[in-house]
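Let me begin by presenting the structure, written as structure tokens, before commenting on it.
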Amino acid sequence: MIAKILKSKFKVINHTASHKDAFFTDMGKRILIATSAFFLYNIVSYIIDPLSDYWQNYFQHGWKYLLADCIISFLFCFSVSEASIVIGRRLNNFVSWKDNPVKRLVIESSVILVTVLILLYIQTLFFITFLEDEQTADMPLTVEDTIEGIRWLVVSLIISFVIMAINTGDYLIASWKNAALTAVELNQLAVEAELQSLKLQLDPHFVFNNLSVLSELILTDQQLGHEYAENFTKLYRYLLVHSKKNLVQLEEEIKFLNAYIFLLEQRIGEGVSFETDIDKTYNQLYIPPMTLQMLVENALKHNKTLRKAPLIIRIYSNDQECIVVENSRRPIETVALSSGIGISNIVRRYKLLNATPPHIESNDQIFSVTVPLLKQTV
1 MIAKILKSKF
11 KVINHTASHK
21 DAFFTDMGKR
31 ILIATSAFFL
41 YNIVSYIIDP
51 LSDYWQNYFQ
61 HGWKYLLADC
71 IISFLFCFSV
81 SEASIVIGRR
91 LNNFVSWKDN
101 PVKRLVIESS
111 VILVTVLILL
121 YIQTLFFITF
131 LEDEQTADMP
141 LTVEDTIEGI
151 RWLVVSLIIS
161 FVIMAINTGD
171 YLIASWKNAA
181 LTAVELNQLA
191 VEAELQSLKL
201 QLDPHFVFNN
211 LSVLSELILT
221 DQQLGHEYAE
231 NFTKLYRYLL
241 VHSKKNLVQL
251 EEEIKFLNAY
261 IFLLEQRIGE
271 GVSFETDIDK
281 TYNQLYIPPM
291 TLQMLVENAL
301 KHNKTLRKAP
311 LIIRIYSNDQ
321 ECIVVENSRR
331 PIETVALSSG
341 IGISNIVRRY
351 KLLNATPPHI
361 ESNDQIFSVT
371 VPLLKQTV
């Protein structure tokens, strides 16, 4: 059962991860990045050398030249942006930032450098072809041309590494979110598995005690044994119906408890006295199944039940939407080794349900456990 749940959960996780790309999946956002890169490209270039011939003579050209210049520059920035994104994504499949950050940085930086050089060369060819006249194009390169080329290379690399940083950050954030989602779902699976395991512990523990009593009653009083069997059937039906639930309504738990008390009174007789006073307005609230029964059983397990000094067990509600199970102290000198099922089970279940844990009080006269009622199922 748990294996099937795990398998289905992992299918959901893998399906979600495979279809949930990072920030750059939306083409509109990618164009926005390219546009930002275009403006940053020109701003950084101007800041580096505002007195270069390029910027000094920029607005002296006609509008056709400026338009062509902007188009070529934008296409260059878009190409650099897309190349950086594609390179990053491809490398994600071969060199992980998490496992080999230094190696990844060196490889990605080197590939981007080569790519930018190729794109810058293509851009230069476009400029020469569409914006430069034949006389200017045939002139040999000057020192100023070389410096300008280096400047544009530096600016292009800056833009590329900024985009690489954004893409890497987006990838790491997406990976972190997927890991967090996986952790949450796996934690939920662990909670469900542990809750199921804890509840399954209750069955043999409860059945063993009551079948022993039933077998004795059938031999001594068949009518009483029949009534006992009917109540025991109600109890076991409760277990079968609610065994897969983390919480049940208090009304159902009280019915279960009343049937259980009937069985105890037939078994112990005057050795125990029950006092029950639970506000009916709490009937629609919730409680982990068998909580009250386990607390009653815990009281019986650790205390004497004598006719001359009966064990008094009070089960009542308070004004804080809690149920209190309180018993007088008649401690048994020698208590059998605990199986670990009891109050610790209840506390653990409340913890797994992220609910306020039960409150335990103990002194020489009384021992009480206060369990909160919950307002919704889990």
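Under UniProt numbering, the first residue of the sequence shown carries the number 1, and numbering increases by one thereafter. Cβ atoms here follow ideal geometry from the backbone N, Cα and C, with glycine treated the same way. These numbers were taken from a predicted model, which means no experiment stands behind them.
Check: Buried or exposed (CB count within 10 angstroms, at least 16 for buried), residue 208; Outcome: exposed
Check: Neighbour-count burial assignment, residue 331, 16 or more Cβ in a 10 Å radius; Outcome: exposed
Check: Integer-rounded CB distance, given that residue 321 should sit under 8 angstroms from residue 289; Outcome: That pair is no contact at about 18 angstroms.
Check: Start-to-end residues for the beta strand (DSSP E) that takes in residue 371; Outcome: 366-372
Check: Residue of 81, 80 and 105 minimising C-alpha distance to residue 92; Outcome: 105
Check: Buried versus exposed call for residue 169 [16 or more other C-beta atoms within 10 Å across all chains shown]; Outcome: exposed
Check: C-beta contact flag for residue 250 and residue 352 at 8 angstroms; Outcome: no
Check: Helix, strand or coil at residue 333 according to DSSP, with G and I counted as helix; Outcome: coil
Check: C-alpha gap between residue 173 and residue 74, whole angstroms; Outcome: 28 angstroms
Check: Buried/exposed call for residue 66, threshold 16 Cβ in 10 Å; Outcome: exposed
Check: Residue environment, residue 263, which counts as buried when at least 16 other CB atoms sit within 10 Å; Outcome: buried
Check: Member of 78, 362, 348 and 361 whose CA lies at the smallest distance from the CA of residue 246; Outcome: 348
Check: Option in 237, 236, 214 and 235 with minimal Cα separation from residue 226; Outcome: 214
Check: For residue 156: DSSP bridge partner residues; Outcome: Paired residues: none, contrary to the question.
Check: Contained alpha helix (DSSP H) runs [length at least 4] in the stretch 205-280, N- to C-terminal order; Outcome: 222-242 and 250-268
Check: Cβ-based burial, residue 267 [other Cβ within 10 Å; buried from 16]; Outcome: buried
Check: Alpha-carbon spacing of residue 291 relative to residue 366, whole angstroms; Outcome: 19 angstroms
Check: Assigned exposure category for residue 220 - 16 Cβ within 10 Å defines buried; Outcome: exposed
Check: Between the CA atoms of residue 85 and residue 182 - distance to the nearest angstrom; Outcome: 26 angstroms
Check: Where the beta strand (DSSP E) through residue 327 begins and ends; Outcome: 322-328
Check: Cβ-based burial, residue 389 [other Cβ within 10 Å; buried from 16]; Outcome: Nothing in the structure corresponds to residue 389, since the chain is present only between 1 and 378.
Check: Helix, strand or coil at residue 339 according to DSSP, with G and I counted as helix; Outcome: Confidence at residue 339 is low in this model, with a pLDDT of 48, below 50, so its placement is unreliable and no value can be given for it.
Check: Alpha carbon of residue 279 to alpha carbon of residue 313, nearest angstrom; Outcome: 17 angstroms
Check: Residue closest to residue 297, alpha-carbon to alpha-carbon, out of 179, 309, 345 and 282; Outcome: 345
Check: C-alpha distance - residue 83 paired with residue 113, whole-angstrom precision; Outcome: 11 angstroms
Check: Close Cβ partners of residue 309 (< 6 angstroms) along its chain, the five nearest in sequence each way excluded; Outcome: none
Check: Supposed contact pair residue 120 and residue 156 - C-beta distance, whole angstroms, cut 8 angstroms; Outcome: 6 angstroms
Check: DSSP beta-bridge partners of residue 318; Outcome: According to DSSP, which records beta bridges pairwise, residue 318 is partnered with nothing at all.
Check: Residue from 60, 248, 286 and 300 whose Cα sits closest to the Cα of residue 261; Outcome: 300
Check: Own chain partners of residue 162 with C-beta closer than 6 angstroms, once the 5 adjacent residues on each side are dropped; Outcome: none
Check: Secondary structure, alpha helix (DSSP H): runs of 4+ residues fully inside the stretch 47-86; Outcome: 53-56
Check: 8 angstroms CB neighbourhood of residue 154 in its chain, flanking five on each side removed; Outcome: 48
Check: In DSSP terms, what residue 361 is bridged to; Outcome: 368
Check: Beta-bridge pairing of residue 303 - partner residues as DSSP gives them; Outcome: 331
Check: Candidates 62, 122, 43 and 90: closest to residue 159 by CA position; Outcome: 43
Check: Residue 311 (DSSP reduced to helix, strand or coil); Outcome: strand
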